[in-house]
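Peer 1: Here you go, one structure.
Residue numbers (the numbering used here): 306 to 736.
Pasting the structure below:
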């Protein structure tokens with residue numbers, strides 16, 4: 306039985322390969338032994354030593370039979386995966402995997418340890434939090450434990466969450482700002498500008514097709530000195546500005562209103578993290594007025610906390626039911642400029658409220674001029690389990706539901722702001 310996905314093992318074995326000192330057959334057996342796990346020790350007749358043995362032990366503790374195992378991976382009793390019940394043994398294991406595996410693999414193993422071995426309770430201890438590799442999924446787990454977290458752990462937990470949030474902001478902020486600033490400028494473009502508001506560069510580019518060649522002046526005109534400034538007597542040309550392009554006068558008021566309506570049910574943990582970071586970025590742009598609303602069966606407006614996404618995240622409460630209709634009713638009541646508003650619903654669409662009312666609200670908002678976007682997830686994992694019937698119903702209303710990665714989100718928002726078709730990935734696979 307394989308103890309971990311082949312791709313992960315391949316990466317780790319490459320790091321410790323000693324092919325230059327072993328025969329090809331021996332190296333092949335070594336790799337198979339690492340891929341197949343401790344149960345293959347007899348069939349491969351390959352004993353692991355040194356760092357290989359340490360890596361195998363760390364993998365076997367999680368994916369094999371950690372209890373009662375010797376360092377070489379041979380079992381002394383019945384198989385049962387586990388890291389032991391004590392925080393020190395788990396902390397040692399966390400230190401080992403960070404030594405032997407790259408960060409991306411460490412995050413996968415930590416996630417598997419939390420899911421497979423029930424280590425959530427140990428994350429309530431400060432010593433454990435200091436040992437883990439922070440990532441989006443760990444933040445989701447901490448947020449779900451927020452209410453049960455003792456005071457001695459909360460500051461450490463906030464530090465872990467802040468590190469992840471700051472990393473995400475560095476990764477996402479500059480591109481989001483650049484993409485949306487361009488979209489806002491283009492959305493404000495006017496076709497009949499005043500003379501002082503004309504964007505001559507864009508106007509010339511747009512009218513190059515209207516370039517006209519003028520005939521050369523006749524000899525009499527040339528003799529009279531009516532040539533061009535450079536003395537040329539040849540043909541000249543000009544661009545006829547058939548279409549003027551310009552911008553409206555700058556205004557201190559926001560050009561667009563953004564409403565992020567985020568489902569905080571347990572399955573949406575990663576989406577809540579990313580939505581909070583994006584909400585903070587959008588709120589920092591003066592040309593946007595951003596509102597963040599999170600919901601389960603209740604609705605909470607976290608707009609006042611958008612200056613610090615860590616406060617936003619600790620203001621959420623992952624888990625519970627879902628009432629999308631109630632959340633949309635609240636968002637609808639806060640819309641004052643429908644034609645300049647983008648509403649982004651981030652939810653797996655498992656509605657616990659009134660389905661028909663939810664759809665009516667979406668239809669009403671769209672009819673009033675609101676740009677309505679439905680994201681099944683805002684994460685790197687793709688679409689979660691979701692309600693296909695509701696997704697199809699929203700698609701029929703002109704609000705197609707699809708999963709969105711954080712890297713694609715700025716492009717989706719730019720398209721919504723400019724009222725262009727949304728850049729839906731893999732349209733043929735959408736509901």
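Heads up, the beta-carbon is just placed ideally off N, CA and C, and yes, glycines get one too.
Can you tell me where the alpha helix (DSSP H) holding residue 714 begins and where it ends?
Peer 2: Sequence index remark: in the chain shown, residue 714 carries index 409 (1-based). First-last of the alpha helix (DSSP H) with residue 714: 714-723.
Peer 1: Residue ranges of each alpha helix (DSSP H) run of no fewer than 4 residues wholly in the segment 646-699, ordered along the chain?
Peer 2: 660-672
Peer 1: Per DSSP, what kind of secondary structure is residue 707 in: helix, strand or coil?
Peer 2: Along the chain shown, one-based indexing puts residue 707 at 402. Three-state DSSP puts residue 707 in a strand.
Peer 1: Just to confirm my understanding: we take residue 728, look at its own chain, exclude 5 residues before and 5 after, and list those with CB closer than 8 angstroms. What are they?
Peer 2: As a working note, residue 728 is residue 423 in the chain shown. The answer, listed in chain order, is 713, 716, 717, 720.
Peer 1: By a C-beta neighbour count over all protein chains shown, 10 Å radius and 16 as the cutoff for buried, is residue 737 buried or exposed?
Peer 2: Since the first residue shown for the chain is 306 and the last is 736, residue 737 is missing from the structure and cannot be characterised.
Peer 1: Taking C-alpha atoms, which residue in 648, 580, 649 lies nearest to residue 617?
Peer 2: Residue mapping note: residue 617 aligns to position 312 of the chain shown, counting from 1. Checked all of 648, 580, 649; the closest Cα to residue 617 is 580.
Peer 1: Using a threshold of 8 angstroms, state whether the C-beta atoms of residue 415 and residue 443 are closer than that.
Peer 2: For this step, residue 415 is matched to residue 110 along the chain shown. For this step, residue 443 is matched to residue 138 along the chain shown. Cβ atoms of residue 415 and residue 443: closer than 8 angstroms.
Peer 1: Rounding to the nearest angstrom, what Cα-Cα distance links residue 513 and residue 723 in this structure?
Peer 2: Taking the first residue of the chain shown as 1, we reach residue 513 at position 208. Taking the first residue of the chain shown as 1, we reach residue 723 at position 418. Each residue's Cα considered, the two are about 24 angstroms apart.
Peer 1: Specify whether the segment 692-711 and the segment 651-659 touch according to this definition: at least 3 beta carbon pairs, one from each stretch, less than 8 angstroms apart.
Peer 2: yes
Peer 1: Taking just the CA atoms, how far does residue 687 sit from residue 329?
Peer 2: On the chain shown, residue 329 is found 24 positions in, with the first residue counted as 1. On the chain shown, residue 687 is found 382 positions in, with the first residue counted as 1. In this structure, the alpha-carbon of residue 329 lies about 40 angstroms from that of residue 687.
Peer 1: With a cut-off of 8 angstroms, do at least 3 Cβ pairs link the segment 628-635 to the segment 661-675?
Peer 2: yes
Peer 1: Just to confirm, is the Cβ distance from residue 546 to residue 585 under 8 angstroms?
Peer 2: As a working mapping, residue 546 is identified with position 241 in the chain shown. As a working mapping, residue 585 is identified with position 280 in the chain shown. It is not a contact, given that the beta carbons lie outside the stated cut-off.
Peer 1: What residue does the beta strand (DSSP E) around residue 413 start on, and which one ends it?
Peer 2: As a first step, residue 413 must be located in the chain shown, where it is residue number 108. Segment 408-422 is the alpha helix (DSSP H) holding residue 413; no beta strand (DSSP E) there.
Peer 1: What residues in its chain sit with their C-beta under 7 angstroms from that of residue 657, if we drop five residues either side in the sequence?
Peer 2: Counted from its first residue, the chain shown places residue 657 at position 352. Closer than 7 angstroms at Cβ, skipping near neighbours: 602, 626, 627, 628.
Peer 1: Of the choices 486, 609, 453, 437, whose alpha-carbon is the least far from that of residue 466?
Peer 2: Here residue 466 refers to the residue found at position 161 of the chain shown. It is 437 whose Cα lies nearest to the Cα of residue 466.
Peer 1: Considering only C-alpha positions, which residue in the set 711, 562, 519 is nearest to residue 541?
Peer 2: Stepping through the chain shown from its first residue, residue 541 is reached at position 236. Checked all of 711, 562, 519; the closest Cα to residue 541 is 519.
Peer 1: Between which residues of its own chain and residue 516 is the CB-CB distance below 7 angstroms, once the five residues before and five after are set aside?
Peer 2: Stepping through the chain shown from its first residue, residue 516 is reached at position 211. Annotation for residue 516: 542, 544 place their beta carbon closer than 7 angstroms to its own, counting only its chain and skipping 5 residues before and after.
Peer 1: With 8 angstroms as the threshold, decide whether the Cβ of residue 700 is near any Cβ in chain B.
Peer 2: Structure shown: chain B not included; a single protein chain is present.
Peer 1: Would residue 604 pass as a contact of residue 567 if the rule is Cβ separation under 8 angstroms?
Peer 2: Here residue 604 refers to the residue found at position 299 of the chain shown. Here residue 567 refers to the residue found at position 262 of the chain shown. Taking 8 angstroms as the Cβ cut-off, residue 604 and residue 567 do not qualify as a contacting pair.
Peer 1: Can you check the segment 565-631 for any alpha helix (DSSP H) of at least 4 residues that lies completely inside it and give the ranges in chain order?
Peer 2: Qualifying alpha helix (DSSP H) stretches, in chain order: 574-588, 614-619.
Peer 1: In chain order, what residues of the same chain lie with their CB nearer than 6 angstroms to the CB of residue 440, ignoring the 5 residues before and after it?
Peer 2: Walking along the chain shown from the start, residue 440 turns up at place 135. Residues of the same chain with a CB within less than 6 angstroms of the CB of residue 440, apart from the 5 flanking positions on each side, are 412 in chain order.
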